[in-house]
Every structure is written in C-alpha cells, then in structure tokens.
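Colleague:
Number of protein chains: 2
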Amino acid sequence: MNIGQASNASGVTAKMIRYYEQIGLVRPADRTDSNYRSFNDRDINDLRFIKRARSLGFSVKEITNLLSLWRDRTRPSREVKGIADGHVADLRSRIAEMQAMADTLSALSDCCAGDDRPDCPILSNLSGDTPAIAPDQSQA
Amino acid sequence: MNIGQASNASGVTAKMIRYYEQIGLVRPADRTDSNYRSFNDRDINDLRFIKRARSLGFSVKEITNLLSLWRDRTRPSREVKGIADGHVADLRSRIAEMQAMADTLSALSDCCAGDDRPDCPILSNLSGDTPAIAPDQSQA
DNA sequence: CCTTGACCTTCCTATGATGGGAAGGGGTAG
DNA sequence: CTACCCCTTCCCATCATAGGAAGGTCAAGG
Chain A
83 MNIGQASNAS GVTAKMIRYY EQIGLVRPAD RTDSNYRSFN DRDINDLRFI
133 KRARSLGFSV KEITNLLSLW RDRTRPSREV KGIADGHVAD LRSRIAEMQA
183 MADTLSALSD CCAGDDRPDC PILSNLSGDT PAIAPDQSQA
Chain B
83 MNIGQASNAS GVTAKMIRYY EQIGLVRPAD RTDSNYRSFN DRDINDLRFI
133 KRARSLGFSV KEITNLLSLW RDRTRPSREV KGIADGHVAD LRSRIAEMQA
183 MADTLSALSD CCAGDDRPDC PILSNLSGDT PAIAPDQSQA
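Residue numbers (my numbering), protein chains in the order written: chain A, 83 to 222; chain B, 83 to 222.
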C-alpha cells in the first residue's frame with residue numbers, strides 16, 4: 083500500500099502520515115525501490131488508532147504514550163486509565179471555561195436590542211461600563 | 083505611559099501590545115524622542131477592551147470588527163449582536179464536541195479496572211475492537 | 001516507444017495567539 | 001558616571017494541520 087491507499091484506509095491524510103512519521107509518532111514506513119512509502123496492515127492499524135485518539139482530543143504527546151502502552155501487552159491498565167482520566171479532567175476544565183464565556187456572552191446578547199439603534203450592552207460591557215456582568219474581567 | 087505601564091494598566095503583556103500593533107488591531111502608539119512607545123488613556127481603554135473580548139473567547143479578527151463598531155457611535159446594535167451571537171454559536175458547538183469526547187472517554191475509563199492487569203477497554207476501543215462505544219469513529 | 005495524468009517525494013510556508021530570548025540603546029537614581 | 005532596569009527590534013518555538021512548488025515514478029493507452 084502506498085501513502086494514498088494508506089490514507090484512504092486509515093482516514094489520516096497523506097500529509098499527516100508523513101508528519102507523524104517525521105515527529106516519531108509512527109515508525110518510518112518501509113520504502114519501495116523508487117522510495118515510495120509502503121504500508122502494511124499493522125501500519126494501518128496504528129494510523130487508525132491515532133485517528134481515533136485524536137478524535138477523542140488526545141494530544142500527539144498523549145498518543146505517543148498510549149501507542150507504546152498499546153504495544154506493550156503487559157502494561158498495567160492503571161497507566162492507561164491515568165492518561166485517560168487526566169485528559170478527561172483537562173477537557174472538562176476547558177469546557178467549563180468556554181461554558182462560562184458562552185453564558186456571559188449570551189446574557190449580554192439577550193440584553194441587546196439588535197436593531198438599528200446604537201445602544202449596545204455588549205459593547206458597553208466590553209468597554210468596562212458595566213463590570214457586574216463580567217465575572218472575570220481582571221485576570222482571565 | 084511607556085509600554086510596561088500600559089501593560090500593567092491594561093493587563094495585556096508588552097509582548098502582546100506590540101503584536102496587536104503589528105497586526106493592525108490597535109493603532110501604532112505615539113513615540114517619544116527615544117523611540118519608546120507612549121500610551122494615553124484612550125489607548126489603555128482600547129487595550130482593556132481587547133483584553134475583555136479575548137477573555138470572552140473572541141478571536142482577534144472578531145475583535146477588529148468589535149473595535150471599529152465600538153468607535154462608531156452610530157452603528158446599529160444589530161451588527162454587534164450578530165457577531166456576539168455567531169461567537170456564542172461557535173462556542174456552543176465546540177463545547178458540544180468536547181463534551182462528547184469527555185463523555186465517551188469517561189465511559190471508557192469507568193469500564194477500565196485501572197489496576198495491574200493489562201486488560202484495558204480504553205485501548206481496546208482505540209484499536210477498534212469495540213466500535214459500539216465510539217459514536218464518531220469514522221469522520222470526527 | 002512515448003506521452004499523459006495521477007501519484008509520489010522533499011522542502012518551504014502559513015495559520016493564531018502567545019512566550020522566550022538575544023543584542024543593543026535609553027533613562028534615572030545613587 | 002555607573003548600575004540597573006526598561007525599552008527597541010528581530011528571530012525562534014509552540015501545536016496540528018493545510019497548501020503549494022519542483023521534480024521523480026508508475027501505469028495505461030496511443
């Protein structure tokens with residue numbers, strides 16, 4: 083399988099496959115006589131693994147760990163769970179942050195007429211006139 | 083006020099103030115004879131505005147628009163509301179995405195013993211053994 | 001056999017917002 | 001006058017991804 087076929091089979095773009103190889107996330111693929119990369123089923127499995135882990139929001143660094151744990155048949159599941167839980171905590175904290183932003187902003191938007199008149203509580207708030215509605219104006 | 087004082091007064095780092103000037107988000111500050119940037123109260127207000135808008139997750143591009151609307155006393159509030167609502171929608175969709183990741187992952191983690199044994203449903207799922215629990219394995 | 005078109009290779013560049021750091025000049029207090 | 005801190009510009013790094021250029025390769029068909 084050349085890189086285009088591997089891309090189709092794994093859902094990872096050719097560009098990203100080369101990148102993952104370059105940063106050492108996957109082992110360098112075999113090469114044909116004409117220097118084309120050649121992928122086997124195991125490579126495809128790795129790429130699919132990566133694809134799924136990325137879709138769950140794991141960083142490349144985390145995936146490096148997950149991949150090596152995946153290949154180690156004797157690893158304790160504790161380690162994997164640790165990585166996963168850390169990532170969940172990270173996700174939840176980012177979610178909370180964005181949720182707070184969305185709530186603040188949509189409250190402001192609800193107060194805004196949204197018509198031809200220039201009065202706008204959204205801009206008023208951003209310019210500091212009404213600090214009450216912005217809970218984290220000074221340090222966020 | 084030189085850039086350090088402006089930074090303290092606005093909460094925007096000196097580094098970022100220079101960057102915002104460079105990309106045209108704020109007008110170039112006045113210069114002293116010795117080429118130091120010199121900021122007045124209005125500049126500080128702009129920087130504070132930017133700081134707050136960033137803390138609400140607006141991109142620099144969005145803030146460019148907000149700033150020009152802010153300066154235009156006759157703008158219709160509709161435009162501002164439009165930007166804000168678009169941004170809220172964007173936030174909410176990213177939140178939903180991350181929420182789905184977190185839920186999937188924490189369900190997997192709940193199934194993982196997290197002890198010395200090697201069996202790990204998290205890795206099993208990532209490697210494609212149990213596709214049922216991953217709702218968006220193919221396109222996300 | 002040669003051309004065409006699709007594919008591959010490497011290398012460079014950009015994104016967005018931010019931080020780090022080097023090299024050199026300025027300003028002020030002691 | 002000399003420290004010492006602040007300022008200046010310029011370069012580089014992050015993270016994951018995409019775009020593109022220049023050139024080599026392969027398979028199919030004329």
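Beta carbons are placed, not taken as given, at the ideal position from N, Cα and C, and that holds for glycine. Remember, predicted model here, so these are calculated numbers, not experimental data.
Among A:R124, A:I126, A:L149, which has the Cα closest to the Cα of A135 of chain A?
Modeller: Of A:R124, A:I126, A:L149, the residue nearest in Cα terms is A:L149.
Colleague: Between the segment 186 to 200 of chain B and chain A, which residues of the former have a C-beta closer than 9 Å to a C-beta of the latter?
Modeller: Listed by position, the residues of the segment 186 to 200 of chain B near chain A (Cβ gap below 9 Å) are T186, L187, S188, L190, S191, C194, A195, G196, D197, D198, R199, P200.
Colleague: Could you check whether the Cβ of Y101 of chain B sits closer than 8 Å to any Cβ belonging to chain A?
Modeller: No, Y101 of chain B does not count as interfacial toward chain A.
Colleague: When the cut-off is 8 Å and only beta carbons count, does I126 of chain B lie next to chain A?
Modeller: No - not a single Cβ of chain A is within 8 Å of the one on I126 of chain B.
Colleague: Taking just the CA atoms, how far does M98 of chain A sit from N207 of chain B?
Modeller: Taking the straight line joining both Cα atoms gives about 22 Å.
Colleague: Go ahead and pull the three-state DSSP assignment for D197 of chain B.
Modeller: It is coil, neither helix nor strand.
Colleague: Using the C-alpha atoms, what's the distance from M183 of chain A back to L173 of chain B?
Modeller: Rounded to whole angstroms, L173 of chain B to M183 of chain A spans 8 Å at the Cα level.
Colleague: Measure the Cβ-Cβ separation of V94 of chain B and I132 of chain B and say whether it is below 8 Å.
Modeller: Cβ atoms of V94 of chain B and I132 of chain B: closer than 8 Å.
Colleague: Just to confirm my understanding: we take Y102 of chain A, look at its own chain, exclude 5 residues before and 5 after, and list those with CB closer than 7 Å. What are they?
Modeller: So the qualifying residues of the chain are V108, I132.
Colleague: Rounded to whole angstroms, what's the CA-CA distance from S159 of chain B to L190 of chain A? Just pull it up for me.
Modeller: Going by the C-alpha atoms only, they are around 12 Å apart.
Colleague: With a cut-off of 8 Å, does the C-beta of T114 of chain B fall near any C-beta of chain A?
Modeller: With 8 Å as the cut-off, T114 of chain B does not count as an interface residue toward chain A.
Colleague: With 16 other CB atoms within 10 Å as the buried threshold, where does A111 of chain A fall?
Modeller: Burial call: buried.
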